[in-house]
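Peer 1: Below is the structure I would like to discuss, written out as structure tokens.
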Amino acid sequence: MVRRCGALLAVFLLPLVTLVFPAAVHAANWNADTLTVPQNAQGDTALLTEAEVKSGRATFNQSCGSCHASGITKTNHNVGLDPETLALATPPRNSIESLVDYLHDPTSYDGEYSIADLHPSLRSSDIFPKMRDLSEDDLRLIAGYILVAPKIQGNSWGGGKIYF
Numbered sequence: 410m411v412r413r414c415g416a417l418l419a420v421f422l423l424p425l426v427t428l429v430f431p432a433a434v435h436a437a438n439w440n441a442d443t444l445t446v447p448q449n450a451q452g453d454t455a456l457l458t459e460a461e462v463k464s465g466r467a468t469f470n471q472s473c474g475s476c477h478a479s480g481i482t483k484t485n486h487n488v489g490l491d492p493e494t495l496a497l498a499t500p501p502r503n504s505i506e507s508l509v510d511y512l513h514d515p516t517s518y519d520g521e522y523s524i525a526d527l528h529p530s531l532r533s534s535d536i537f538p539k540m541r542d543l544s545e546d547d548l549r550l551i552a553g554y555i556l557v558a559p560k561i562q563g564n565s566w567g568g569g570k571i572y573f
């Protein structure tokens, strides 16, 4: 009877722990390769700390998560926050500096026109109040989290309708 209860506990408790403590499941992925992201288009890199990524995640979830949960874009599932999509944007948005630039003044995916009146940004903080209290460091941490997340979460980050 005890052995059976132990087996049942393992079957039901392990998935619950995985859901409640997802960071513990991915703890093995916190290494220098995972935490190193492109800083700019010139090829410089930035090594983030685990604390910076966690702070970026919290700020991202609070300020961006309602439309970009798990790196998808609710208003356009064809444009996500996955590395390939960010790299193919014009200009590419696959570095901390380029993402911070986007958060200041977002443009269409092809870079042809500003979408600041449609997408939260510092330029449009009068109509998007969540942007009002974000500092430059907050923007940098959000960008860092966006770039680290696919290394930790794999295809579940930005996979959108292709994977889910």
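Quick note: the sequence shown uses this note's numbering, first residue 410, plus one each step.
Idealized CB from N, CA, C, for every residue including glycine.
Just so we're clear, the structure is a prediction, and the values are computed from it rather than from any experiment.
1. Quick check on this structure: which residue in Thr-499, Ala-496, His-528, Ala-467 has the alpha carbon closest to the alpha carbon of Thr-484?
2. Near Leu-550, what residues of its chain come up, given a Cβ to Cβ distance below 7 Å and the 5 sequence neighbours on each side ignored?
3. According to DSSP, is Ala-455 helix, strand or coil?
4. Would you mind listing the alpha helix (DSSP H) stretches within the stretch 466-540 that are 4+ residues and don't spill past its ends, in chain order?
5. Answer yes if the stretch 489-508 comes into contact with the stretch 438-452, meaning at least three C-beta pairs across the two stretches below 8 Å, and no otherwise.
6. What is the DSSP secondary structure of Pro-431, reduced to helix, strand or coil?
7. Among the residues of its own chain, which have a CB less than 7 Å from the CB of Arg-502, if the five just before and after it don't count?
Peer 2: Taking the geometry as given:
1. On the sequence shown, position 75 is the one that residue 484 refers to. Checking every option, the nearest Cα to that of Thr-484 belongs to His-528.
2. Residue mapping note: residue 550 aligns to position 141 of the sequence shown, counting from 1. Taken in chain order, the residues that qualify are Glu-461, Ser-464, Gly-465, Thr-468.
3. In the sequence shown, the residue the question calls residue 455 occupies position 46. If DSSP states are grouped into helix, strand and coil, Ala-455 belongs with the strands.
4. 474-477, 492-497, 505-513
5. When C-beta atoms of the stretch 438-452 are compared with those of the stretch 489-508, three or more pairs fall below 8 Å, so the two segments count as touching.
6. Counting from 1 along the sequence shown, the entry for residue 431 is found at position 22. The predicted model places Pro-431 with a pLDDT of 48, which falls under 50 and marks its position as unreliable; any figure quoted below should be read in that light. Three-state result, Pro-431: helix.
7. To locate residue 502, count along the sequence shown from 1; it is residue 93. Counting only Cβ-Cβ distances below 7 Å, and skipping sequence neighbours, we find Leu-495, Leu-508, Tyr-511.
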